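Trainee: Take the sequence shown: its letter number 37 is residue 37 in UniProt numbering, and every next letter is one higher. I have a structure I would like to understand better, so I am pasting it below and will then ask my questions one at a time.
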Amino acid sequence: MNVDVVEKRKETAWWRREKQKRAGKKVPGEERIRARRKRAAEGKKKKLKKRKEEEEKRKEEEKKKEEEKKKEEEKRKEEEKRNGEQEEKKKRNGKKQGRKQSKQQDQQTPQRYCLRNLPERQRLRKELEQSGSPK
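So, in structure tokens, the structure goes:
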């Protein structure tokens with residue numbers, strides 16, 4: 001080994017502690033270092049656990065949102081379907097109402113103006129001819 005490398009090794013705190021360990025002596029500060037490493041490892045574990053929990057929460061929220069969107073979509077489709085059916089009914093009923101309205105108008109008009117009544121129509125024609133106005 002190169003002498004410079006050995007000298008540099010001697011200067012490092014790690015190498016001094018390592019030599020004392022090898023010699024079987026109790027290393028000052030080693031317990032503190034172990035404790036620090038242990039705390040750091042626990043902190044990392046906590047962070048990982050927290051991150052996983054947050055990820056799970058986020059996924060669950062996304063699932064809930066998707067389910068809500070699906071429900072809303074189904075509701076909207078049902079509403080559109082109902083509206084379409086109602087419009088068709090209105091159209092059908094509108095035709096019926098048109099017939100009803102014409103019947104009501106016929107009933108409301110006095111008999112002399114009702115042209116559906118044949119004898120009445122003929123009488124009106126005669127009256128018009130007598131008065132002298134052309135058809």
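We put the beta carbon where it would ideally sit given N, CA and C, even for glycine. These figures come from a predicted structure and were not determined experimentally.
(1) If you check the beta carbons only, do V27 and R17 fall under 9 Å apart?
(2) Tell me which same chain residues have a C-beta within less than 7 Å of the C-beta of K21, skipping the five on either side of it?
(3) First and last residue of the alpha helix (DSSP H) that includes P119?
(4) Could you compute how far the alpha carbon of K46 sits from the alpha carbon of E68?
Mentor: Let's see:
(1) Along the sequence shown, read from residue 1 onward, the residue named residue 27 stands at position 27. Along the sequence shown, read from residue 1 onward, the residue named residue 17 stands at position 17. Result yes, Cβ atoms of V27 and R17 sit closer than 9 Å.
(2) In the sequence shown, the residue the question calls residue 21 occupies position 21. Same-chain partners within the cutoff: V27.
(3) The residue you call residue 119 lines up with position 119 of the sequence shown. Annotation for P119: the continuous alpha helix (DSSP H) segment containing it runs 118-131.
(4) Counting from one through the sequence shown, the residue named residue 46 turns up at place 46. Counting from one through the sequence shown, the residue named residue 68 turns up at place 68. Approximately 33 Å between the Cα atoms of the pair.
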